[in-house]
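Take the sequence shown: its letters are residues 16 to 378, numbered as in our numbering. Note that CB positions come from ideal geometry on N, CA and C, so glycine has one too. Fair warning: this is a prediction, and the values are worked out from it, not measured in the lab. These notes are about the structure you will find just below.
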Amino acid sequence: MKIVVAPDSFKGNMRSAQVCEIVKKAILQEMSDAEVVSVPMADGGEGTVEAVVAATGGTFESLKVCGPLGDPVEAQYGLLPDGTAIMEMASASGIELVPADRLNPMEATTYGTGELLRHLLEEGHTSIVMGIGGSATVDGGVGMAQALGYRFFDARGEETRVLVEIHSIDDSQVLPELENAKIRIACDVTNPLTGPNGAAAIFGPQKGATPEMVEVLDAGLANLQKLLGVAGAPGDGAAGGLGYGLRAFCNAEILPGAALIADTVGLSDALAGTDLLITGEGRTDGQTASGKLCSVLAGMAREHGAKSLLLSGALQGELDLFTDTFDYAFSISAGHTSLEACIAHAPEDLAFTARNLFHFAAR
């Protein structure tokens, strides 16, 4: 029996590579002759680099860059065997890098993301995959663009990075290597750049924006789009408008995160001849069936004639949706009465659930 284990991370708890190890060990304890293939997965958020490097046998590298509030941070990226470079903006400009009491999207910048991208381009990497989940910013990618050589001026001709003040943009000093780069963006949201469903209104408050800040930021993003003249597209509002900035400044392509990462790690090849796909995530609800990672993988398994098994930290919402999406769906929760207890015991609960299922299957 061939089994592919391809989970997402259990956010705030277990990375996808750890989930793979636990599930694989549990399976082999009960079904020692099974062929178990581990393919850690991600959708473009935190942990994407770690998952893809683990899945492909790539190498980790790091670079000291400007953090979201200007403090230096060590940003990690990966180099894959096929020559692709993978990075995640969360490593350079992510919300996890900022203490809760310092969150301020009026000040946070994607400059460090641009520094990391510039480094890869200067090193000769022309195929780059970037995850853009987990940002602390709402700067439309202006900080990133500055790191690549773009200059922004106000009406007085002075340089600025304040979105509402930008009056003109100079691209005469842009890094020339950018022109030949193929940059693909793993993005799991479809929000537009501006408006009630845009970057500032939907994601600004979780990054510390007050209602007044949201208005200013939205107006600034609208000003940026007017100056650049690049029409909007789904995903532009991701990462505080970095999605739009990457398209406008870098000619990048925004793609559904789950499908792009699956392609990058070669999941389709791994699924050839597979009997069962095991996937999982920290919590599964109605959104999972609407294009989230686990449902995308279940669809891929079906295309390869394989069954799909979901192991989730919690199943919430309409339970019928899970059986419509997966062949089998189980919560690993062992009756804990608090979220903290669920998180603390998740590794052992996952191991118990997986081993219990395959103990039954082996009989």
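Taking 8 Å as the upper bound for CB-CB distance, residue 147 and residue 301 are not in contact here, some 24 Å apart. DSSP places residue 339 inside the alpha helix (DSSP H), whose first and last residues are 334-340. Pairing residue 209 with residue 120, the inter-Cα distance amounts to about 15 Å. Inside the region 106-187, DSSP marks whole alpha helix (DSSP H) runs of 4 or more residues at positions 126-137 and 157-162, from first to last along the chain. Under the three-state reduction of DSSP output, residue 331 falls in the coil class, being neither helix nor strand. For residue 272, the closest alpha carbon among the candidates 239, 292 and 311 is that of 311.
Counting along the chain, residue 53 sits inside the beta strand (DSSP E) bounded by residues 50-53. Under the three-pair Cβ rule at 8 Å, the region 60-73 counts as touching the region 91-110.
Secondary structure of residue 346 (DSSP, three-state): strand. With a cutoff of 8 Å on beta-carbon distance, residue 215 and residue 233 are scored as near each other. Taking the Cα of residue 76 as reference, the smallest distance to any Cα among 89, 70 and 358 is reached at 89. The beta carbon of residue 55 is closer than 6 Å to those of 31, 32, 35, 66, 69 and 70 in its chain, skipping five residues each way along the sequence. With a threshold of 16 other beta carbon atoms within 10 Å, residue 266 falls short and is exposed.
Taking the CA atoms as reference points, residue 333 sits about 24 Å from residue 21. A distance below 7 Å between beta-carbons, with the five flanking residues on each side excluded, links residue 129 to the following residues of its chain, in chain order: 158, 159, 160, 161, 162 and 163. Take the alpha-carbon of residue 205 and the one of residue 250: they are about 4 Å apart. Distance from the CA atom of residue 263 to the CA atom of residue 224, rounded to whole angstroms, is 25 Å.
Sequence-distant Cβ neighbours of residue 78 in its own chain, meaning closer than 8 Å and more than five residues away, are 89, 90, 92, 130, 131 and 134. Judged by pairs of C-beta atoms under 8 Å, the region 333-352 does not touch the region 278-288, as fewer than three such pairs exist.
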